[in-house]
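Enquirer: Sharing a structure, written as structure tokens. Questions coming.
Number of protein chains: 2
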Amino acid sequence: MPRPSLANDKRRELIPVIARAFADLWYRRTTTAELAKRCKVQENILYRLWPDKKAMFIATISYVYELAERTWAGLLDRDGSGSSAERVLDYESRHLGEFGHSRIIFAGLSETDDPEVRRALARMYQRYQRFVVEQVASHRDGRSHGKEADRALTAWALIGLGTVASIALEMKLLGSRDRRRLMKEMGRLLLDGRVS
Amino acid sequence: MPRPSLANDKRRELIPVIARAFADLWYRRTTTAELAKRCKVQENILYRLWPDKKAMFIATISYVYELAERTWAGLLDRDGSGSSAERVLDYESRHLGEFGHSRIIFAGLSETDDPEVRRALARMYQRYQRFVVEQVASHRDGRSHGKEADRALTAWALIGLGTVASIALEMKLLGSRDRRRLMKEMGRLLLDGRVS
DNA sequence: AGGATCAGTAAGTGAACACTCACATTATCC
DNA sequence: GGATAATGTGAGTGTTCACTTACTGATCCT
Numbered sequence: 004m005p006r007p008s009l010a011n012d013k014r015r016e017l018i019p020v021i022a023r024a025f026a027d028l029w030y031r032r033t034t035t036a037e038l039a040k041r042c043k044v045q046e047n048i049l050y051r052l053w054p055d056k057k058a059m060f061i062a063t064i065s066y067v068y069e070l071a072e073r074t075w076a077g078l079l080d081r082d083g084s085g086s087s088a089e090r091v092l093d094y095e096s097r098h099l100g101e102f103g104h105s106r107i108i109f110a111g112l113s114e115t116d117d118p119e120v121r122r123a124l125a126r127m128y129q130r131y132q133r134f135v136v137e138q139v140a141s142h143r144d145g146r147s148h149g150k151e152a153d154r155a156l157t158a159w160a161l162i163g164l165g166t167v168a169s170i171a172l173e174m175k176l177l178g179s180r181d182r183r184r185l186m187k188e189m190g191r192l193l194l195d196g197r198v199s
Numbered sequence: 004m005p006r007p008s009l010a011n012d013k014r015r016e017l018i019p020v021i022a023r024a025f026a027d028l029w030y031r032r033t034t035t036a037e038l039a040k041r042c043k044v045q046e047n048i049l050y051r052l053w054p055d056k057k058a059m060f061i062a063t064i065s066y067v068y069e070l071a072e073r074t075w076a077g078l079l080d081r082d083g084s085g086s087s088a089e090r091v092l093d094y095e096s097r098h099l100g101e102f103g104h105s106r107i108i109f110a111g112l113s114e115t116d117d118p119e120v121r122r123a124l125a126r127m128y129q130r131y132q133r134f135v136v137e138q139v140a141s142h143r144d145g146r147s148h149g150k151e152a153d154r155a156l157t158a159w160a161l162i163g164l165g166t167v168a169s170i171a172l173e174m175k176l177l178g179s180r181d182r183r184r185l186m187k188e189m190g191r192l193l194l195d196g197r198v199s
């Protein structure tokens with residue numbers, strides 16, 4: 004019998020390093036040589052763990068999303084002031100882009116011609132939107148409302164808010180103070196959304 | 004004396020073709036060979052008009068934004084129902100992404116390491132935001148309001164709305180009906196934004 | 001007409017980079 | 001201990017692609 008494969012452990016060990024590289028260098032400038040260097044292994048070892056660069060990237064997409072979801076779950080468990088939606092919003096307004104989450108997504112967006120990348124991104128967005136819908140629902144629950152804005156649409160709008168905040172951050176168009184106000188004030192407006 | 008250069012005319016003539024290519028193929032897959040083919044010229048002619056591929060891309064960023072602004076200006080001149088902001092919003096809800104505007108911007112986003120590309124994109128976003136601020140202001144003008152939401156933030160949120168709608172379109176996550184509702188309903192909510 | 005530069009053609013060139021091959025070494029289980 | 005397959009090393013390789021060079025022909029000005 005041969006020695007048992009540790010490939011899964013190795014993948015788990017390397018993916019954060021790979022994610023960091025994609026976040027730092029986007030897709031094009033993240034060469035496989037650079038990945039190998041950062042992982043402190045030879046290139047062909049990466050190719051034993053994933054079939055190609057694209058697969059490494061797709062693995063990264065799942066990784067960063069799950070990382071974010073775990074973080075949010077942590078916030079929801081803990082007690083705190085405001086609805087859980089408000090807590091997530093507040094958290095995001097302060098930590099937005101800390102890990103490079105959005106950089107990876109933007110990098111992915113310009114690879115959407117590739118059907119696999121597109122599928123991976125679409126799946127991620129779907130989960131993301133569903134998560135936000137739940138937050139919107141639980142936030143509005145119990146509050147009296149006339150006619151509330153559609154929850155699915157509200158969720159998309161909130162995601163858009165985070166997206167534009169990331170872009171403005173990336174472009175240095177908003178200082179951290181304004182970025183935070185953007186998330187909080189506009190987020191509140193959308194969360195409480197009442198249609199006339 | 005030599006013959007006068009027609010380079011400027013040529014640039015103006017080719018840039019829409021180049022923009023189309025970047026919108027179709029993003030940045031990476033838009034090879035200079037492909038650009039030459041679509042423009043029906045040899046590669047080195049492109050290099051006589053622009054110093055490098057990056058410059059061609061930067062030129063398309065300005066081009067697509069100015070195209071959009073001209074379109075909106077046309078809407079504002081014409082009479083129609085609703086405030087001018089509502090008309091722009093309505094127009095965008097129906098024509099979003101028609102030209103590939105957002106694809107070019109997303110392509111640019113993943114080239115933001117390059118200082119020139121970043122500057123070009125940042126300039127574009129600034130003009131865009133200022134334009135939207137004006138629309139918000141003129142929309143709210145004359146309407147009675149308690150405390151209105153900050154106009155600059157509202158403008159950013161509206162831009163985010165358009166962005167997420169483009170992404171959802173790109174990913175085929177929203178049908179055209181929902182996309183339109185997203186823009187109209189959430190757009191209205193933000194435009195009318197009242198903070199408590 | 002003639003000089004000067006612009007416009008166009010065709011064939012490269014050099015570098016970057018995703019991906020691979022051949023081979024040595026190590027660990028695991030019988 | 002030895003069979004087996006994992007892990008590691010290092011040097012390719014073939015292709016793609018941004019960008020260039022060398023040249024011919026067209027057009028404008030004095």
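Chains as they are written, first to last, in this note's numbering: chain A, 4 to 199; chain B, 4 to 199.
For each residue, glycine too, the CB sits at the ideal point set by N, CA and C.
Predicted model, so just to flag it, every value in this text is computed and none were measured.
Quick check on TYR131 (chain A) - is its C-beta less than 8 angstroms from some C-beta in chain B?
Expert: no
Enquirer: Could you tell me whether the Cβ atoms of TYR68 (chain A) and ARG130 (chain A) are closer together than 8 angstroms?
Expert: yes
Enquirer: Please compile the residues from chain B whose C-beta is within a distance smaller than 8 angstroms of the C-beta of LEU172 (chain A).
Expert: None at all; the shortest Cβ gap to chain B is about 11 angstroms.
Enquirer: What does the Cβ neighbour count give for GLN138 (chain B), buried or exposed, with the cut at 16 atoms within 10 Å?
Expert: buried
Enquirer: Pull out every residue of the segment 108-139 of chain B whose Cβ sits closer than 8 angstroms to any Cβ of chain A, in chain order.
Expert: PHE109, ALA110, LEU112, SER113, GLU114, THR115, ASP116, ARG121, LEU124, ALA125, TYR128, GLN129, GLN132
Enquirer: Does the segment 92-99 of chain B come within contact of the segment 10-30 of chain B, defined as at least 3 CB pairs closer than 8 angstroms?
Expert: no
Enquirer: In the DSSP assignment, what are the bridge partners of ARG197 (chain A)?
Expert: The partner list for ARG197 (chain A) (beta bridge, DSSP) reads A:GLU151.
Enquirer: Taking Cβ positions only, does ILE162 (chain B) come closer than 8 angstroms to chain A?
Expert: yes
Enquirer: Could you compute how far the alpha carbon of ARG90 (chain A) sits from the alpha carbon of ARG122 (chain B)?
Expert: When rounded, the separation of the alpha-carbon atoms in ARG90 (chain A) and ARG122 (chain B) is 34 angstroms.
Enquirer: If you measure between the beta carbons of ALA36 (chain A) and LEU185 (chain B), is that distance less than 8 angstroms?
Expert: no
Enquirer: Restricting to Cα atoms, I'd like to know which of B:LEU177, B:PHE134, B:ALA71, B:ALA26 is closest to GLN132 (chain A).
Expert: Of the candidates B:LEU177, B:PHE134, B:ALA71, B:ALA26, the one whose C-alpha sits nearest the C-alpha of GLN132 (chain A) is B:LEU177.
Enquirer: Tell me the start and end of each unbroken alpha helix (DSSP H) in the segment 79-111 of chain B that is at least 4 residues and wholly inside, in chain order.
Expert: The qualifying runs are 87-98.
Enquirer: According to DSSP, is PRO19 (chain B) helix, strand or coil?
Expert: helix
Enquirer: How about HIS142 (chain A) and SER84 (chain A): are their beta carbons less than 8 angstroms apart?
Expert: Contact: no.
Enquirer: Identify whether VAL44 (chain A) lies in helix, strand or coil by the three-state DSSP scheme.
Expert: coil
Enquirer: So that I know if they touch, is there some Cβ in chain B lying closer than 8 angstroms to that of LEU176 (chain A)?
Expert: yes
Enquirer: Within 8 angstroms of any Cβ in chain A, is that where the Cβ of GLY103 (chain B) sits?
Expert: no
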